[in-house]
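For the sequence shown, position 54 matches number 1318 in the working numbering, and the numbering has no gaps at all.
Note that the Cβ used here is the ideal one computed from N, Cα and C, for glycine as well.
In what follows, a single structure is set out as structure tokens and then discussed.
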Amino acid sequence: MLKNDRYTYRITWSEEDQEYAGLCIEFPSLSWLDENPEAALAGIRQVVADVVKDMKSNGETPPEPLASKHFSGKFMVRIPPELHRKLAIEAQEEGISLNRLAADKLRKQDA
């Protein structure tokens, strides 16, 4: 296993495979199936450790863990002009900025 494994893991049920799937966000092509969720996590962590070891031995740089990345809180979104107009009107009616309206809508979507 990796000494300081900071990668992002998810365990989810696979209806297709009828087993738990261990996934790593930073390595989307990797997975590990198991009947037990804890074993699925252990399996995907070992696969990631093996891949990172191989990458390093081949002079490749493994992906940076999401937990180590800095996020500025800004991102650019392109939307159709009519939607932009509709949202700008909604923000104006609510007396808030367009950025605040978008952030509120994204926050509600995440809940």
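- Task: Count the other C-beta atoms from every protein chain shown that fall within 10 angstroms of the C-beta of GLY1359, then say buried if there are 16 or more, exposed otherwise.
- Result: exposed
- Query: Which residues in the same chain have their Cβ closer than 8 Å to the Cβ of LYS1317, if we skip the five residues on either side of it in sequence?
  - Reply: none
- Task: Less than 8 Å between the CB atoms is what I'm expecting for ASP1281 and LEU1294, so what's the real figure, rounded?
- Result: Incorrect: roughly 15 Å between the Cβ atoms, too far for contact.
- Item | Extent of the continuous beta strand (DSSP E) to which GLY1286 belongs | 1283-1288
- Best match in ILE1353, VAL1341 and ASP1314 for proximity to LEU1370 [C-alpha to C-alpha]: VAL1341
- Using a threshold of 9 Å, state whether the C-beta atoms of ALA1313 and GLY1286 are closer than that. no
- Query: Do THR1272 and ALA1331 come within 9 Å of each other at the CB atom, strictly closer than that value?
  - Reply: yes
- Query: Straight-line CA distance for PRO1329 to PRO1344?
  - Reply: 33 Å
- Item | Whole-angstrom distance between LEU1362 and ARG1349, CA atom to CA atom | 10 Å
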